[in-house]
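Numbering (this note's numbering), first residue to last: -4 to 157.
Working notes, beginning with the structure itself.
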Amino acid sequence: MSDEILIRLDEITEKASVPQLKYWCKLLDISPKVISRAGHVSPKDAEKLRKMADLISAGIRPRDAANTLADELMIKSSEPRNEDTAALHSRIESLEKAVMLLVQTVNNQSKKLEAIQFRLEPPKVDPISVKVWEPAPKKAPQYSFLQKVWYELMDPVRLRAY
């Protein structure tokens, strides 16, 4: 089992019923843990629900009370702590140094790659135009009309273009 302390929903306040507390949990984004068919929340969440019950008993609507509590929590969480700021500054500085080191490494690598690429590229040569061989055009034999008729009937091979 876990070591955390949990409070049952029906033990939080007598001002509200369990279904109302479940609705308030939904408004405050609290997810109660169900243990043996009863909802349980942490002490911090129980305190939020008590404050919510006080606001609602003062006449504020549940949704407005939830927004008010959310705003209070945002204000409290946004206040910087002196102990944490020094640690955060040192951590940010170390991250900045790491990023700058990465940038320098990338620049060095790009220079090395350019040098390697220059060595690997073949020298640039202007292309030479090459005249492709073509066979000589075939010439048809020159014969008179009577010769053509004669060769057509007797020897048609002679009329072929070579």
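Built from N, CA and C at the ideal position, the CB exists for glycine as well.
Can you have a look at residue i and say buried or exposed, based on whether 16 or more other CB atoms are within 10 angstroms of its CB?
i	result
THR8	buried
MET47	buried
VAL152	exposed
ASP40	buried
ALA110	exposed
GLY158	The shown model of the chain, from -4 to 157, leaves out residue 158, and the question about it has no answer.
ALA156	exposed
VAL94	exposed
Using the Cα positions of residue i and residue j, report the straight-line distance between them to the nearest angstrom.
i	j	result
MET(-4)	LEU22	At MET(-4), the pLDDT of 49 sits below 50, so the modelled position is not reliable and the matter cannot be decided from this model.
VAL101	ILE25	46 Å
LYS134	LYS126	23 Å
LYS143	MET149	10 Å
GLU88	GLN99	17 Å
TYR146	PRO122	51 Å
SER37	GLN104	53 Å
PHE30	ALA81	For the record, residue 30 in the displayed sequence is Ile; it is not Phe. If you take the alpha carbons of ILE30 and ALA81, they lie about 42 Å apart.
GLU67	ASP79	21 Å
ARG32	GLU(-1)	18 Å
HIS84	SER12	47 Å
Establish whether the CB of residue i and some CB of chain C are separated by less than 8 Å.
i	result
HIS84	In the displayed structure, chain C is absent; only one protein chain is listed.
Out of the options, which one is the CA nearest neighbour of residue i?
i	options	result
TYR18	LEU4, PRO38 and ASP66	LEU4
HIS35	ARG58, GLU6, PRO118 and PRO57	GLU6
Can residue i and residue j be called in contact, C-beta distance under 8 Å?
i	j	result
LEU44	LEU1	no
SER52	LYS92	no
CYS20	PRO14	no
LEU115	PRO136	no
ALA65	LEU50	no
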